[in-house]
Amino acid sequence: MPSQPLELILARQFGDSLSMPCFLVDPDGNLLFYNEAAESIFGLRFGETGGMRVEEWATVFTPSDANGNALVPEDLPLVKTISTGNPAFGTFFINSLTGERIQITVSSFPIMGRSNRLLGSMAMFWKTKEI
């Protein structure tokens, strides 16, 4: 992995210490890290997947709405945050890599450096019950 800004290194350490699932990307949306709690939802350890481009992670878990209609990457909260630099929130379904369909709620936010430069984004999410 190329050298990362200190803020992203600290964000990764922060995410690694949480029991809540989280996902960290660079300004281009490339996956830098997801924590152990996220591994249990995705069905695969980060060490096994490694980094992924936004086009891959935004589709590999087959995000869909309650009716099973596929969501385009631009509808995902983390992609919205990457695109706009603003926080985003949403609830949708994913398919884990073990084949389980899971409803998750996601909150994403930009990681801004002191120079007000977008350094990356982080999403925190949790399983939710279907209503």
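The UniProt record's numbering numbers the first residue of the sequence shown as 1 and each following residue consecutively. Beta carbons are placed, not taken as given, at the ideal position from N, Cα and C, and that holds for glycine.
So is I9 buried or exposed if we call it buried at 16+ other beta carbons inside 10 Å?
-> Here residue 9 corresponds to residue number 9 of the sequence shown, with the count starting at 1. Its Cβ having fewer than 16 others within 10 Å, I9 is exposed.
Same chain, Cβ closer than 8 Å to E74, neighbours up to 5 away in sequence not counted = Your numbering for residue 74 matches position 74 in the sequence shown. In the same chain as E74, and ignoring 5 residues on each side of it, the C-beta atoms closer than 8 Å to its own belong to K80 and S83, in chain order.
Burial state of L6, where buried means 16 or more other Cβ atoms lie within 10 Å | Within the sequence shown, the letter at position 6 stands for residue 6. Exposed, since its Cβ has fewer than 16 Cβ neighbours within 10 Å.
From E56, I111, K129 and Q13, residue whose alpha carbon lies closest to that of A88 | Here residue 88 corresponds to residue number 88 of the sequence shown, with the count starting at 1. Nearest C-alpha to A88: I111.
Quick one, which of L24, F42, R114 and P27 has its alpha-carbon nearest T98's?
-> To locate residue 98, count along the sequence shown from 1; it is residue 98. Nearest option by C-alpha distance: F42.
Starting from P110 and walking both ways along the beta strand (DSSP E), at which residues does that stretch end?
-> In the sequence shown, residue 110 corresponds to position 110, counting from 1. From DSSP, the beta strand (DSSP E) with P110 extends over R101 to M112.
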